[in-house]
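These protein sequence lines map, in sequence, to chains A and B. First residue of the first sequence? That's 1 in the UniProt record's numbering, and the numbers climb one at a time after it. First residue of the second sequence? That's 1 in the UniProt record's numbering, and the numbers climb one at a time after it. C-beta atoms are modelled at their ideal positions from N, C-alpha and C, and glycine is treated no differently. Since we're looking at a predicted model, the values are computed, not measured.
2 protein chains.
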Amino acid sequence: MSYASVLPPAAGGSPRRGRPGYDRETLLRICVDVFNVHGYDATSMGTLSKNLGISKSAIYHHVESKEEILEQALSRALDALEEVVQGGEAMAAPAVDRLEDVIRGTVRVLVEQMPYVTLLLRLRGNSEVETRALERRRTITRRVGQLIAQAQTEGAVRDDLSARSASRLLLGMINSIVDWYKPDVETSAETSTAALADTVVALAFSGLRTS
Amino acid sequence: MSYASVLPPAAGGSPRRGRPGYDRETLLRICVDVFNVHGYDATSMGTLSKNLGISKSAIYHHVESKEEILEQALSRALDALEEVVQGGEAMAAPAVDRLEDVIRGTVRVLVEQMPYVTLLLRLRGNSEVETRALERRRTITRRVGQLIAQAQTEGAVRDDLSARSASRLLLGMINSIVDWYKPDVETSAETSTAALADTVVALAFSGLRTS
């Protein structure tokens, strides 16, 4: 496949041959937005074509199938999340600090890659691509559970909770961000995300009660 | 509409006219399971007919449309969740105890009405029925936020967190239960759910760190 002939989205200019051309990045992003509105299963190549304003054959110039778009979008989310976990695991620090690093990094990925992570979190596992993605997601949850278990062994995390359940509840709390978070328009995206990460860390580590 | 002629699911007996009949409850439950596997938007009346093993016209004997099934299923989840919040709000107790009551009740509803709550949590808001349900869900989140704010005023909940964000993260943590919780087969459903509620309350109120 060659992408050389594909135009970047026209910024005020008139697109060649009367229809917009997309770079691969923009095409992927628009398709993911459509998946997130209608659901992956309910989205046909026809729906994508309508939303992109280009013909199906123009889409096939970029990708072989709807599933290839899904796979690329899910990889983007999963690669970023796995990188965060790996970074935390590799730190020379107590497990509880590595866990905090993973929590902050995960919040950052969710905000920065929100459409891709949203797609991942809404998967139903109806195809092999989806099943593989869900397995990668489960592995991330297990690795976070292992960090919690290590922090329990080191005495920094209470041991009256199952590390497995705690990992799922913690990630459930973080994942909810894609459903409600809107960046604070008064501050920079970076400051806004850091404040959100502070709130999540405070709640996860110390809970709601005044200490 | 009359439901008098509709058979309950045949328990070992041979269904009349060679196909199973359903009571309204079982029909609703099976349709919700199908929605949860394929997504509401991607599920046609034909898909429901195939999964139920009855004709479309037999489904129309129970309900007027796919949307009516959705509306009934969502009401089941929302009525139960609203009842829990109302019960907590009406308690003569400090706000932090009312909040705990709401957390425990919400965990119970999620476990007991899991298919219906799962459907609610996966809504995309693509129709008026969905938009109304999402508005009821937002109202629940706001009411939990108000309980948290009251508990902050009473000095029982830390006031360095926004009650609004805390409410969303707390409910996000609880809502994740539908994605991963499997009842402990060794104990009764009631004991298993109570243990889950204990874990959620411990994490929500005191966090992961050893105190």
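**Message:** Please tell me whether V34 of chain B and T26 of chain B are closer than 8 Å, where the distance is taken between their beta carbons.
**Reply:** As a first step, residue 34 of chain B is located in the second sequence; it is residue number 34 there, counting from the start. As a first step, residue 26 of chain B is located in the second sequence; it is residue number 26 there, counting from the start. Not closer than 8 Å, so no.
**Request:** Return helix, strand or coil for R124 of chain A, following the three-state DSSP convention.
**Result:** Walking along the first sequence from the start, residue 124 of chain A turns up at place 124. In this structure, R124 of chain A counts as coil in the three-state DSSP scheme.
**Asked** Taking 8 Å as the CB-CB limit, is M173 of chain A close to chain B?
**Response** If you number the first sequence from 1, residue 173 of chain A lands on position 173. True, the Cβ-Cβ gap to chain B drops below 8 Å.
**Prompt:** Are any of the Cβ atoms in chain B nearer than 8 Å to that of T191 of chain A?
**Reply:** Translated into positions along the first sequence, residue 191 of chain A becomes position 191. With 8 Å as the cut-off, T191 of chain A does not count as an interface residue toward chain B.
**Request:** Within the same chain, show all residues whose beta-carbon is closer than 7 Å to that of T118 of chain A, passing over the 5 residues directly before and after it, in chain order.
**Result:** In the first sequence, counting from the first residue as 1, residue 118 of chain A sits at position 118. For T118 of chain A, where only same-chain residues beyond five positions count, the Cβ hits under 7 Å are N36, V178.
**Request:** Look up R209 of chain A in the DSSP assignment and give the residues it is bridged to.
**Result:** In the first sequence, counting from the first residue as 1, residue 209 of chain A sits at position 209. Answer is B:V157.
**Request:** Please decide whether T47 of chain B counts as near chain A, where near means a Cβ-Cβ distance under 8 Å.
**Result:** The residue you call residue 47 of chain B lines up with position 47 of the second sequence. Not an interface residue.
**Item:** C-beta atoms of S176 of chain B and N175 of chain A nearer than 8 Å
**Value:** The count along the second sequence starts at 1 and reaches residue 176 of chain B at position 176. The count along the first sequence starts at 1 and reaches residue 175 of chain A at position 175. Contact flag set, yes.
**Request:** Answer with yes or no whether the minimum CB distance from S176 of chain A to chain B is below 8 Å.
**Result:** Taking the first sequence and counting its residues from 1, the one referred to as residue 176 of chain A is at position 176. So, interface residue.
**Asked** What did DSSP end up calling A149 of chain A once you bin it into helix, strand or coil?
**Response** Residue 149 of chain A sits at position 149 when you count from the first residue of the first sequence. In this structure, A149 of chain A counts as helix in the three-state DSSP scheme.
**Item:** Distance between beta carbons of T141 of chain A and L171 of chain A, contact taken as under 8 Å
**Value:** If you number the first sequence from 1, residue 171 of chain A lands on position 171. If you number the first sequence from 1, residue 141 of chain A lands on position 141. Between L171 of chain A and T141 of chain A, the beta carbon gap of about 6 Å places them in contact (Cβ cut-off 8 Å).
**Asked** Taking only runs of the beta strand (DSSP E) that begin and end inside the stretch 36-104 of chain A, which ones reach a length of at least 3 residues, in chain order?
**Response** Complete beta strand (DSSP E) runs here, min 3: none at all.
**Request:** Please state whether DSSP places Y3 of chain B in a helix, a strand or coil.
**Result:** Here residue 3 of chain B refers to the residue found at position 3 when the second sequence is read from its first residue. Here Y3 of chain B scores only 36 on pLDDT, less than 50, and its place in the model is too uncertain to base an answer on.
**Message:** Using a Cβ-Cβ distance cut-off of 8 Å, determine whether A156 of chain B contacts chain A.
**Reply:** As a position in the second sequence, residue 156 of chain B is number 156, starting the count at 1. Residue-level contact by beta carbon holds for A156 of chain B and chain A, with a gap shorter than 8 Å.
**Item:** Inter-residue CB distance, V107 of chain A and L196 of chain A (contact presumed, cutoff 8 Å)
**Value:** Sequence index remark: in the first sequence, residue 107 of chain A carries index 107 (1-based). Sequence index remark: in the first sequence, residue 196 of chain A carries index 196 (1-based). About 6 Å; that satisfies the 8 Å criterion.
**Prompt:** Rounded to a whole number of angstroms, what is the C-alpha to C-alpha distance between I30 of chain A and E128 of chain A?
**Reply:** Taking the first residue of the first sequence as position 1, residue 30 of chain A is located at position 30. Taking the first residue of the first sequence as position 1, residue 128 of chain A is located at position 128. A direct Cα-Cα distance of roughly 23 Å separates I30 of chain A from E128 of chain A.
**Item:** 7 Å Cβ cut-off: residues of chain A touching T106 of chain B
**Value:** Counting from one through the second sequence, the residue named residue 106 of chain B turns up at place 106. Near T106 of chain B there are no residues of chain A at all, since even the closest Cβ is about 13 Å away, more than 7 Å.
**Item:** Under 7 Å by beta carbon: chain A residues contacting D41 of chain B
**Value:** The count along the second sequence starts at 1 and reaches residue 41 of chain B at position 41. The contacting residues are H38, G39, A42.
**Item:** Extent of the continuous alpha helix (DSSP H) run through G172 of chain A
**Value:** By one-based count along the first sequence, residue 172 of chain A stands at place 172. Per DSSP, G172 of chain A belongs to the alpha helix (DSSP H) from 163-175.
**Item:** the stretch 97-107 of chain A in contact with the stretch 56-73 of chain A per 3-pair CB rule at 8 Å
**Value:** Taking a cut-off of 8 Å on C-beta distances, the stretch 97-107 of chain A does not touch the stretch 56-73 of chain A, as fewer than three cross pairs fall below it.
**Prompt:** If the cut is a Cβ gap below 8 Å, which residues of chain A does S165 of chain B touch?
**Reply:** Counting from 1 along the second sequence, the entry for residue 165 of chain B is found at position 165. Those are L196, T199, listed as they occur along chain A.
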